[in-house]
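Only one structure is covered here, and it is reproduced in the block below.
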Amino acid sequence: MLITDDFLPVPVPESLTATYLVPLTGLPPTSPRRAVEALAGRIAEPVHGLARQMLDSPLLSVDTRSMSEFPRLPPDLLTAFGASPEQLARLGEATHLVVVQAEYRPGWPPAHEWAARAVAAAMADQVGGNVVDVFGLQFLTPEAALRSLPDERGRVRLVDWVLVPYSSDADGLWFTTKGLRRFGLMELQVQGVPDHLTRAWGAVMTGAARRLLRTFTDGIATEEVPAFVQLPVLATITGHDIAVAYGSPEQQVTTAPVLLRLELDPATDPDADSFLSLRPPAGHTGPPGRYFAAVCATLFGAGAGAGQPDIQYARPGDAMARAVATAREGLPAVRRRFLAGDLSDGTQLVVKYGLPTEDGPEFVWAGVRSWPSPDRIVGTSASDATTDPTIRIGAPVVVAAAEVVDWALLGDGGVIEGGWTQAVLDAGHRDGGAPDAGHRDGG
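Just so you know, we're using our numbering here: the sequence shown kicks off at 114 and counts up by one.
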């Protein structure tokens, strides 16, 4: 494995185990197979079929145990993760537990989690009870558990599987994720987040989890599970990552990408978890909180700390058309500066361009690597395209300058120059970052 300063080797576990519990008073009234068969039509067939197949294999087991045979679940932590007094009372009254466990190799799809949660939800549905997700220490109603499973296209909301708890420390807020390890990736952490960014930074963490999980699972999509996966030291997070993690992939998010540096923080206690820490890029001066505020401003607008961040998406308007015209007028000058090496150290030039679709252009960002001719830009995609599966973050792209609708210079504090379409959004014009098709070449 090649080790460079640009990538961080992250260990991959050999196998993963999912454990779900269904508390009961008495013995279960039906078999797991009958309970799963009763879900026909209520969950997507690929998951329904997977659950049936796993039940017939040694990879999934369903056992009924008396409460005394299972370690006591901590009520304080269950409460912290949303358990109601009624749920805790029913757990205290239970005499037995249905224990559903599944084991599978790391990778996507995570068959152990999909199948185990489906079987546990089926059993809970039969008795009108709840599911306990042991990994997340959460109670789930059968309905909530079933809603969290993949749809017909295999899509899930990552927020249904990964929590983002936080607490205060001397330097601000300490954010972590809880749920990535169920997929084989170490949990994330960030320290020193300003208090007023509580809700916005939770969304950033969820988007970062989505981006890194995708990179991680792409890296282990091989016949043999590798011992390590190389993750980029500089992680590129976009508003699209956040939209997808929250189950809104149709939103054409137009924010500039932001950069977060990835570091491995191994645990000193053998019983504690190691983390992947997200920090400002190297060379950032000032407290980390200042950079985190700039990240939120880039992704959500200048008022990100005031309330729930709002994902903004494309709609045509006069202000946006003017922003595109301004950006295109500045293209020749920024190309000259790029070729002459006149951009500040650590500055990244990115461009936004349109991909043609039946419903109008979809707009994505790319980092500029070279600009050999005025009409041709060679770069690396900084966004995932919804309509073109070949356009993924990190993939090489060639962009026609005629398709460019905006450009920006990114520094330690976010956008330091350009980004006119984003400025329209931040000013309160919900035009999105996309001009209409008639203005896609700047008019």
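Cβ coordinates follow ideal geometry from the N, Cα and C atoms, glycine included.
From what residue to what residue does the beta strand (DSSP E) around Leu-619 run?
Residue 619 lies beyond the residue range present for the chain, which begins at 114 and ends at 556; the question has no answer from this structure.
Could you have a look at Arg-324 and say whether DSSP puts it in helix, strand or coil?
Helix, per DSSP.
By how many angstroms is the C-alpha of Arg-448 removed from the C-alpha of Asp-455?
Computed Cα separation, rounded: 10 Å.
Evaluate Asp-384 with the Cβ neighbour count: other Cβ atoms within 10 Å of its Cβ, from every protein chain shown; 16 or more gives buried, anything less gives exposed.
Exposed, because fewer than 16 other Cβ atoms sit within 10 Å of the Cβ of Asp-384.
Starting from Ala-153, follow its DSSP beta bridges and name the residues at the other end.
DSSP, once it has assigned bridges, lists Ile-156 as partnering Ala-153.
Pull the bridge partners of Val-518 from the DSSP assignment, please.
Note: Val-518 sits in no beta bridge, so no partner.
Short check: CB of Val-477 to CB of Ile-504, under 8 Å?
In this structure, Ile-504 lies closer than 8 Å to Val-477 by Cβ.
What does DSSP give as the partner residue(s) for Pro-509 in the beta ladder?
For Pro-509, which the question treats as bridged, DSSP gives the partners Thr-493.
Pairs of beta-carbons, one from the region 196-204 and one from the region 300-315, closer than 8 Å: are there three or more?
The region 196-204, when compared against the region 300-315, does not touch it at the 8 Å Cβ threshold.
For the candidate residues Glu-256, Leu-444, Met-318, Arg-295, whose alpha-carbon lies nearest to that of Trp-274?
That would be Arg-295, whose Cα lies nearest to the Cα of Trp-274.
Note down, one range per segment and in chain order, each alpha helix (DSSP H) of at least 4 residues found wholly within the region 192-257.
Qualifying alpha helix (DSSP H) stretches, in chain order: 198-206, 224-240.
For Arg-403 and Val-175, what's the separation of their Cα atoms in angstroms?
Taking the straight line from one Cα to the other gives about 50 Å.
Quick check: Ala-513 and Phe-413, are their CB atoms within less than 8 Å of each other?
For Ala-513 and Phe-413, no; Cβs fall outside 8 Å.
Does the distance from the CB of Leu-152 to the CB of Val-211 come in under 8 Å?
Result no, Cβ atoms of Leu-152 and Val-211 do not sit closer than 8 Å.
Let me check one thing: in DSSP terms, what residues is Gly-527 bridge-paired to?
Per DSSP, Gly-524.
Quick check: what's the CA-CA separation for Pro-445 versus Gly-220?
Rounded to the nearest angstrom, the two C-alpha atoms are 45 Å apart.
Between the beta-carbon of Pro-263 and the beta-carbon of Pro-159, is there less than 8 Å?
Yes, Cβ-Cβ distance for Pro-263 and Pro-159 is below 8 Å.
What is the C-beta distance between Met-167 and Ala-228, in whole angstroms, given that I count them as a contact (C-beta under 8 Å)?
Their Cβ separation, rounded to whole angstroms, is 4 Å, which keeps Met-167 and Ala-228 in contact under 8 Å.
If you check the beta carbons only, do Asp-331 and Val-437 fall under 8 Å apart?
Their beta carbons are not under 8 Å apart, which means Asp-331 does not touch Val-437 by this criterion.
Going by DSSP, what residue range makes up the beta strand (DSSP E) through Ala-131?
From DSSP, the beta strand (DSSP E) with Ala-131 extends over 129-137.
How many whole angstroms separate the CB atoms of Leu-377 and Arg-392, which I take to be in contact at a CB cut-off of 8 Å?
Their Cβ separation, rounded to whole angstroms, is 11 Å, which puts Leu-377 and Arg-392 out of contact at 8 Å.
Does the distance from the CB of Leu-121 to the CB of Leu-344 come in under 8 Å?
Yes.
Would you mind working out which of Met-180, Ser-483, Thr-499 sits nearest Val-510, comparing C-alpha positions?
The shortest C-alpha separation from Val-510 is found at Ser-483.
Shortest alpha-carbon distance to Ala-164 belongs to which of Thr-493, Met-180, Asp-119, Val-213?
For Ala-164, the nearest C-alpha among the options comes from Val-213.
My output table needs one value for Val-123: the three-state DSSP class, helix, strand or coil.
Of the three classes helix, strand and coil, the one that applies to Val-123 here is strand, per DSSP.
So, for Ala-258: in the same chain, excluding its five sequence neighbours on each side, which residues have a beta-carbon less than 6 Å away from its beta-carbon?
So the qualifying residues of the chain are Arg-230, Ala-234, Val-244.
From the DSSP output, which residues share a beta bridge with Ser-486?
The partner list for Ser-486 (beta bridge, DSSP) reads Arg-489.
Among residues of its own chain, excluding the 5 on either side of Phe-183, which ones have a beta-carbon nearer than 6 Å to its beta-carbon?
Closer than 6 Å at the Cβ level, and outside the excluded window around Phe-183, lie Leu-210.
Give, in chain order, every unbroken run of the beta strand (DSSP E) that is at least 3 residues long and sits entirely within the region 161-195.
As far as the region 161-195 is concerned, its whole beta strand (DSSP E) runs of at least 3 residues are 173-179.
Please list the terminal residues of the continuous alpha helix (DSSP H) segment that includes Val-447.
It spans 444-453 - the alpha helix (DSSP H) in which Val-447 sits, taken as one unbroken run.
Look up Phe-329 in the DSSP assignment and give the residues it is bridged to.
According to DSSP, which records beta bridges pairwise, Phe-329 is partnered with nothing at all.
Could you tell me the boundaries of the beta strand (DSSP E) in which Leu-462 lies?
Taken as a continuous stretch (DSSP letters only), the beta strand (DSSP E) holding Leu-462 covers 461-468.
Does the distance from the CB of Leu-271 to the CB of Arg-323 come in under 8 Å?
Cβ atoms of Leu-271 and Arg-323: closer than 8 Å.
Let me check one thing: in DSSP terms, what residues is Ser-144 bridge-paired to?
BP columns for Ser-144 are empty, so no partner.
Only counting the same chain, and skipping five residues up and downstream in sequence, which positions put a Cβ closer than 8 Å to that of Ser-573?
The question about residue 573 has no answer here: the residues shown for the chain are numbered 114 through 556.
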